[in-house]
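Note sheet for the following structure.
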Amino acid sequence: MTKTISDAEAHAMVEKATGPDSAAARQELLKWLKEGAKFECEATRRWVSHMVMIHDIG
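With the UniProt record's numbering, the residue at position 45 of the sequence shown is 45, and numbering never jumps.
Encoded structure:
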């Protein structure tokens, strides 16, 4: 069963992934996207994807 990522959880993880000591958070974001995790809101999923792309995560 796929976990649904809440908006708050997604925002917190992106904040961690773009800050210092961000390796684990970056890997978790990539895992969510690669595994097709469900997001509470489609706009949040697109925002997470965008943040991964502009911050060159991965």
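We treat Cβ as the ideally placed atom computed from N, Cα and C, and that holds for glycine. Model, not experiment: these values are computed from the prediction.
*Endpoints, alpha helix (DSSP H) assigned at E15*: For the purposes of this step, residue 15 is identified with residue 15 of the sequence shown, where counting begins at 1. Segment D7 to A17, the alpha helix (DSSP H) holding E15.
*Per DSSP, K34 is paired with what?*
Translated into positions along the sequence shown, residue 34 becomes position 34. Paired residues: none, contrary to the question.
*For T4, which residues does DSSP report across the bridge?*
For the purposes of this step, residue 4 is identified with residue 4 of the sequence shown, where counting begins at 1. T4 is bridged to K38.
*Considering only the beta carbon of each residue, do S6 and E40 sit closer than 8 Å?*
The residue labelled residue 6 in the question sits at position 6 within the sequence shown. The residue labelled residue 40 in the question sits at position 40 within the sequence shown. Going by C-beta atoms, S6 is nearer than 8 Å to E40.
*Does the Cβ-Cβ distance between H50 and T18 come in under 8 Å?*
To locate residue 50, count along the sequence shown from 1; it is residue 50. To locate residue 18, count along the sequence shown from 1; it is residue 18. Contact flag unset, no.
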